[in-house]
Amino acid sequence: MAHVLFLGGLGRSGTTLVERLLGELPGMCALGEVVHLWQRDIRDDERCGCGSRFSGCAFWTQVGERAFGGWGNVDVDRVHQLRESVERTRHIPRLASATTATAEVREYASFYSRVYAAAAEVSGSRVVVDSSKHSALAHVLRWADDIDLRVVHVVRDARGVAYSWTKRVSRPETDGTEEMTRYSPGRSALLWNAHNAAFGLLARRGVPVRRIRYEEFLADPRAGLIRLADFAGVPLHPDDLAFLRPGQADLKAGHSAAGNPMRFTVGRLPLRHDDAWVNALPSSQRRLVGAVCGPMLRAYGYPINVAPEA
Numbered sequence: 070m071a072h073v074l075f076l077g078g079l080g081r082s083g084t085t086l087v088e089r090l091l092g093e094l095p096g097m098c099a100l101g102e103v104v105h106l107w108q109r110d111i112r113d114d115e116r117c118g119c120g121s122r123f124s125g126c127a128f129w130t131q132v133g134e135r136a137f138g139g140w141g142n143v144d145v146d147r148v149h150q151l152r153e154s155v156e157r158t159r160h161i162p163r164l165a166s167a168t169t170a171t172a173e174v175r176e177y178a179s180f181y182s183r184v185y186a187a188a189a190e191v192s193g194s195r196v197v198v199d200s201s202k203h204s205a206l207a208h209v210l211r212w213a214d215d216i217d218l219r220v221v222h223v224v225r226d227a228r229g230v231a232y233s234w235t236k237r238v239s240r241p242e243t244d245g246t247e248e249m250t251r252y253s254p255g256r257s258a259l260l261w262n263a264h265n266a267a268f269g270l271l272a273r274r275g276v277p278v279r280r281i282r283y284e285e286f287l288a289d290p291r292a293g294l295i296r297l298a299d300f301a302g303v304p305l306h307p308d309d310l311a312f313l314r315p316g317q318a319d320l321k322a323g324h325s326a327a328g329n330p331m332r333f334t335v336g337r338l339p340l341r342h343d344d345a346w347v348n349a350l351p352s353s354q355r356r357l358v359g360a361v362c363g364p365m366l367r368a369y370g371y372p373i374n375v376a377p378e379a
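Residue numbers (this note's numbering): 70 to 379.
In C-alpha cells, the structure reads:
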C-alpha cells in the first residue's frame with residue numbers, strides 16, 4: 070500500500086512551495102509532478118530537481134528498476150492513450166459519479182501506484198508527495214486499491230493566480246529553450262473555478278481532503294506543516310522543523326520529476342507574501358476575474374473588492 074499525499078489545485082497556486090517544504094520533513098519524499106514523468110522525463114530526459122538528467126539520476130533509476138524493471142519497459146504510448154481516455158477535466162463528472170472503476174481507469178492508476186510504491190521503498194519514506202495538481206488524476210487515483218490517498222487542496226486568490234499565469238517563465242529543465250504555459254486572466258479564472266470545484270467534489274466522494282489557503286500557509290509555514298504532517302499521518306519532532314527560519318527556509322536538493330522552477334532551489338528560499346498582483350494586474354482584468362470567481366472566492370474567505378495600494 071503506497072501512502073500518497075497528493076497536492077491539488079490550479080497551477081500557480083503555490084503547490085511547489087508547499088511540496089518543497091513537505092519534502093524537508095523526515096518520513097516524506099517529494100516527487101514533483103508525477104503526471105509529467107512519462108513524457109518530460111522518460112521520453113524527453115529533462116532535468117530532475119537534483120540537476121541531473123532524468124536518465125542520470127540515481128534515485129529515479131532505482132525507482133524505475135523497482136517499479137518496472139527499468140524505465141525502458143514502460144509503454145509511454147499506452148500511458149498517453151489511457152490519459153486521453155480517462156484523465157481529462159471533461160471526464161471528472163463520469164469519474165465522480167461512477168460506482169465502479171473501468172479497466173482503463175485501474176490500468177492507468179496502476180502506473181502511478183507502482184511509481185509511488187517504488188519511490189517510497191527507495192527513499193525509505195512513509196509518505197510520498199505528488200504535486201501533480203490535476204483534479205482529474207486525483208479522481209482516477211481514488212479507485213486504486215493499493216494507494217492510501219490523501220489530498221491537500223491548495224487554494225490561492227484567483228486574481229493572484231491569474232496574474233501569475235500572464236508572466237513569462239522559462240523552464241530551466243529545457244536549458245532555456247521553452248517557457249511555461251501562459252493563460253489569459255479570463256481563461257485562468259474559468260480553470261480556477263473548474264479545478265477547485267472538482268476537489269470539492271472529490272471530498273464528497275469520501276476521499277480525505279484538507280483544504281489550505283496558500284496565503285495563510287505562507288504566513289505561518291511552521292503551523293501549516295505541522296497540520297499537514299498530522300493529516301498525512303507522519304509524526305513530527307520539534308527539531309524536524311529546524312530548516313525553517315523567520316521569513317526563509319533552508320532547502321536541500323530534491324528529486325522532483327517536474328514542476329515550477331522553484332524545484333531547483335537549494336539553500337535559502339525566502340518565504341514572503343506575493344501580492345504583486347494587487348497593483349500589477351490591470352483593474353479591468355482584476356474585476357473580470359473577481360466576477361467570474363466571485364462565489365468561490367467568497368466561499369474560501371477572500372475579499373471580492375481589492376483596491377490597489379496607493
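Every residue, glycine too, gets a C-beta built ideally from N, C-alpha and C.
In the structure shown, what three-state DSSP assignment does Ser239 receive?
Reduced to three states, the DSSP call for Ser239 is strand.
Should the region 218–226 be regarded as contacting the region 276–292, the criterion being three or more beta carbon pairs within less than 8 Å?
Put simply, the region 218–226 touches the region 276–292. At least three CB pairs are less than 8 Å apart.
Give the C-beta separation of Gly78 and Lys202 to the nearest angstrom, bearing in mind that I take them to be a contact with Cβ-Cβ under 8 Å.
Contact holds; Cβ gap of about 6 Å.
Run through DSSP, which three-state label would Arg14 get?
The structure shown does not extend to residue 14, since the chain spans only 70 to 379, so no value can be given for it.
DSSP has Pro339 in a bridge; who is on the other side?
Answer by DSSP bridge pairing, in chain order: Gln317.
With distances taken from CA atoms, which of Arg116, Phe300, Ser253 and Ala311 is nearest Leu218?
Of Arg116, Phe300, Ser253 and Ala311, the residue nearest in Cα terms is Phe300.
Alpha carbon of Leu91 to alpha carbon of Val375, nearest angstrom
When only Cα atoms are considered, Leu91 and Val375 end up about 31 Å apart.
Go ahead and label Gln150 buried or exposed: buried means 16 or more other beta carbons lie within 10 angstroms of its beta carbon, across all protein chains shown.
It counts as exposed.
Report the three-state DSSP secondary structure of Arg225 (helix, strand or coil).
Reduced to three states, the DSSP call for Arg225 is coil.
Considering only the beta carbon of each residue, do Arg109 and Ala327 sit closer than 9 Å?
For Arg109 and Ala327, yes; Cβs fall inside 9 Å.
Tell me whether Pro162 is buried or exposed, calling it buried when 16 or more other Cβ atoms sit within 10 Å of its Cβ.
Looking at its Cβ environment, which holds fewer than 16 other Cβ atoms inside 10 Å, Pro162 is exposed.
What residue does the alpha helix (DSSP H) around Phe146 start on, and which one ends it?
It is worth fixing the name first, because residue 146 is Asp in this sequence and not Phe. Element bounds for Asp146: Val145 to Val155.
Beta-carbon proximity check, Ser325 vs Cys117, cutoff 9 Å
The beta carbons of Ser325 and Cys117 sit closer together than 9 Å.
What residue from Gly125, Gly193, Pro315 and Val347 has the CA that sits closest to Leu94's CA?
Comparing Cα-Cα distances from Leu94 to each of Gly125, Gly193, Pro315 and Val347, the minimum goes to Gly193.
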